[in-house]
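First residue of the sequence shown: 5, per our numbering; consecutive thereafter.
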Amino acid sequence: MDILALNCGSSSVKYQLFDWSKKEVVAKGMVERVTIGDSYIIHEVPGRETYREEYECPDHKVAIHLIIKTLTSTTHGVVTDMNQISAVGHRVVHGGEKFTCSVMIDDSVLDAIKEVQHLAPLHNPPNIAGIEAAKSVLPDAPHIAIFDTAFHQTMPQHAFTYPLPYEWYEKYGVRRYGFHGTSHLYVSKRAAVLLGKDPKDCNIVTMHIGNGVSHSAIKGGVSVDTSMGLTPLEGAVMGTRCGDIDPAIPAFIMEREGYTPKEIDSILNKKSGVLGITGEFTDRRDVIEGAEKGCDRCKLSLEIEAYRLKKYIGSYAAAIGGIDAVVFTAGVGEMAWLIREKALDGLDFMGIHLDKEVNRTTMTRKRETVITKPDSPVKVFVIPTDEELVFTEDVVAILEGTYTDHMKFKYSFATKEFQRK
Numbered sequence: 005m006d007i008l009a010l011n012c013g014s015s016s017v018k019y020q021l022f023d024w025s026k027k028e029v030v031a032k033g034m035v036e037r038v039t040i041g042d043s044y045i046i047h048e049v050p051g052r053e054t055y056r057e058e059y060e061c062p063d064h065k066v067a068i069h070l071i072i073k074t075l076t077s078t079t080h081g082v083v084t085d086m087n088q089i090s091a092v093g094h095r096v097v098h099g100g101e102k103f104t105c106s107v108m109i110d111d112s113v114l115d116a117i118k119e120v121q122h123l124a125p126l127h128n129p130p131n132i133a134g135i136e137a138a139k140s141v142l143p144d145a146p147h148i149a150i151f152d153t154a155f156h157q158t159m160p161q162h163a164f165t166y167p168l169p170y171e172w173y174e175k176y177g178v179r180r181y182g183f184h185g186t187s188h189l190y191v192s193k194r195a196a197v198l199l200g201k202d203p204k205d206c207n208i209v210t211m212h213i214g215n216g217v218s219h220s221a222i223k224g225g226v227s228v229d230t231s232m233g234l235t236p237l238e239g240a241v242m243g244t245r246c247g248d249i250d251p252a253i254p255a256f257i258m259e260r261e262g263y264t265p266k267e268i269d270s271i272l273n274k275k276s277g278v279l280g281i282t283g284e285f286t287d288r289r290d291v292i293e294g295a296e297k298g299c300d301r302c303k304l305s306l307e308i309e310a311y312r313l314k315k316y317i318g319s320y321a322a323a324i325g326g327i328d329a330v331v332f333t334a335g336v337g338e339m340a341w342l343i344r345e346k347a348l349d350g351l352d353f354m355g356i357h358l359d360k361e362v363n364r365t366t367m368t369r370k371r372e373t374v375i376t377k378p379d380s381p382v383k384v385f386v387i388p389t390d391e392e393l394v395f396t397e398d399v400v401a402i403l404e405g406t407y408t409d410h411m412k413f414k415y416s417f418a419t420k421e422f423q424r425k
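The structure is reproduced here in structure tokens:
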């Protein structure tokens, strides 16, 4: 059984083909610059050289055609025809309150996803375009939606409700939703295994730190709070997003600079965060290198980001009554030892005793590592995330009729026997 996972962004389509019987990735890749010209595909197959092809993709349908063409190519492919693809899993960023788990996509589900696209105008439209394109290219395969927001639907009302006119929630669905749900689910389950505990007996703070950044307070195995809100703009400092700011700032700047709402929204989402502070960088490797060379704004960016990470760890520990572990994941969380060290500095009072030498040598996306000392009451893990595996297991379980709430469903990676390939 081969499962195709698709993640459609506004100008890219990421994909992964997973052989369920062998429990291994067959191929993965990305089509870049979809809809904007000069597009191309990067295709990776284990044991082969990476393949790149220039191919114009004016829309997502052409991009998905290109993916299928590449997967079935006699030279670069891994399957003989499209019928070998048993099902397709689609990442959908926003499910609103309508979806608390992954679901088979039919017309009513697709309509419901469209109804909440105003809550994620940068993300849901390309997700929808990808679903429609894939259904036209693979009309006989089952298509399943996996929602970023689903994992966080366990938040209590006092955590997800904003102190705003309540009718905004009733009329427009204005509330905290949270994102990166599949990542938080995966690493929290892995952390429970590493702790030797059942997820229901664990309190964990998970830190997904990439270009986008979100944190989750997980009590008894379920999300009870998370840093992103109505949209992915709220929360921590991100590559180009501002995160938490005084809500009066946008109106203040709009009045003085004459920006329209669309322009200020673009600035907060695309020109703020690490980019806004440094003036030129989003990649933390560039920021760290700049700081080492004496760039004051790079140094400031590192201090701001780490300080806010520390505040989230402390506040979430308070919210859930103490923690068993902190987990760092995603590109920056897995690779940037300096940001981890700065974020954890001074947290000995909480029972976090960082092993600086181990932390500094932990820069890999392939191995799970404990970066605290053996006597540390609170463990800190670096766990490479695997959202595509969550996609795949949800799809297979739905096809087999075994899918249920994640606290009852037994993911393969939630067992001691699991080995990351």
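C-beta atoms are modelled at their ideal positions from N, C-alpha and C, and glycine is treated no differently. Note that the structure is predicted; figures quoted are calculated from it, not measured.
Mind checking who Met211 pairs with in its DSSP beta bridge?
His219 and Phe332
Can you tell which of Met354, Thr333, Ser305 and Gly337 has its C-alpha closest to the C-alpha of Ala321?
Met354
If you drop the 5 nearest sequence neighbours on each side, which residues of the same chain put their C-beta closer than 6 Å to that of Phe151?
Closer than 6 Å at Cβ, skipping near neighbours: Val96, Gly99 and Phe103.
Inter-residue spacing [alpha-carbon to alpha-carbon] between Lys27 and Leu342:
34 Å
Can you check whether the CB of Ala67 is closer than 8 Å to the CB of Val29?
no
Runs of alpha helix (DSSP H) wholly within the stretch 137-195 (minimum 4 residues, chain order)
161-164 and 170-176, all fully within the stretch 137-195.
Any contact of the stretch 355-365 with the stretch 235-253, i.e. 3+ C-beta pairs under 8 Å?
no
In whole angstroms, what is the alpha-carbon distance linking Leu8 and Thr76?
13 Å
For Val82 and Ala138, believed in contact at Cβ under 8 Å, the rounded distance
In fact, because the Cβ distance is near 18 Å, the residues do not count as touching under 8 Å.
Do the stretch 217-226 and the stretch 170-189 make contact, defined as three or more Cβ pairs closer than 8 Å?
Touching, yes, given that three or more Cβ pairs across the two stretches are closer than 8 Å.
To the nearest angstrom, report how far apart Ala340 and Ala295 are at their CA atoms.
Ala340 and Ala295 have their alpha carbons spaced roughly 13 Å apart.
Proximity below 8 Å, CB of His468 to CB of Asn131:
The chain is shown from 5 up to 425; residue 468 falls before or after that span and cannot be answered.
Member of Val386, Met411, Arg424 and Ala133 whose CA lies at the smallest distance from the CA of Cys206:
With distances taken between Cα atoms, Cys206 lies closest to Met411.
According to DSSP, is Ile123 part of a helix, a strand, or is it coil?
Here residue 123 is Leu; the residue named in the question, Ile, does not match the sequence. Correct three-state label for Leu123: helix.
What is the residue span of the beta strand (DSSP E) that His69 lies within?
Note, His69: premise wrong, no beta strand (DSSP E); alpha helix (DSSP H) at His64 to Leu75.
Would the beta-carbon of Ser305 fall within 8 Å of that of Thr282?
Taking a C-beta distance under 8 Å as the contact criterion, Ser305 and Thr282 qualify as a contact pair.
Locate the beta strand (DSSP E) running through Ser90, then write down its first and last residues.
Ile89 to Val96
Work out the CA separation of Thr235 and Phe22 for me, nearest whole Å.
30 Å
So is Ala272 buried or exposed if we call it buried at 16+ other beta carbons inside 10 Å?
In the sequence on display, residue 272 carries Leu and not Ala. So Leu272 counts as buried.
Just to confirm before moving on: does the CB-CB distance between Ala401 and Phe417 stay below 8 Å?
Contact flag unset, no.
Please report the straight-line C-alpha distance between Thr78 and Ser90, rounded to a whole angstrom.
20 Å
Please state whether the Cβ-Cβ distance between Val330 and Ile356 is less than 8 Å.
yes
According to DSSP, is Arg369 helix, strand or coil?
coil
Close Cβ partners of Ile324 (< 6 Å) along its chain, the five nearest in sequence each way excluded:
Asn207, Ala221 and Lys223
Any idea what DSSP makes of Val29, helix, strand or coil?
strand
Does DSSP classify Thr235 as helix, strand or coil?
coil
Over what stretch of residues does the beta strand (DSSP E) that includes Tyr19 continue unbroken?
Boundaries of the beta strand (DSSP E) harbouring Tyr19: Ser16 to Asp23, taken from the DSSP string.
For a cutoff of 8 Å on Cβ pairs, would you count Ile109 as touching chain C?
No chain C is present in this structure, which holds just one protein chain.
Are Asp429 and Leu198 closer than 8 Å when you measure CB to CB?
Outside the shown range of the chain (5 to 425) lies residue 429, about which nothing can therefore be said.
Please say whether Glu48 and Gly33 have beta carbons closer to each other than 8 Å?
yes
How long is the line joining the alpha carbons of Leu313 and Ala334, rounded to whole angstroms?
14 Å
Residue range of the unbroken beta strand (DSSP E) whose run includes Cys12
Asp6 to Cys12
Let's test the definition: count the other Cβ atoms within 10 Å of the Cβ of Phe256 and tell me whether it reaches 16, buried, or not, exposed.
Per the 10 Å Cβ criterion, exposed.
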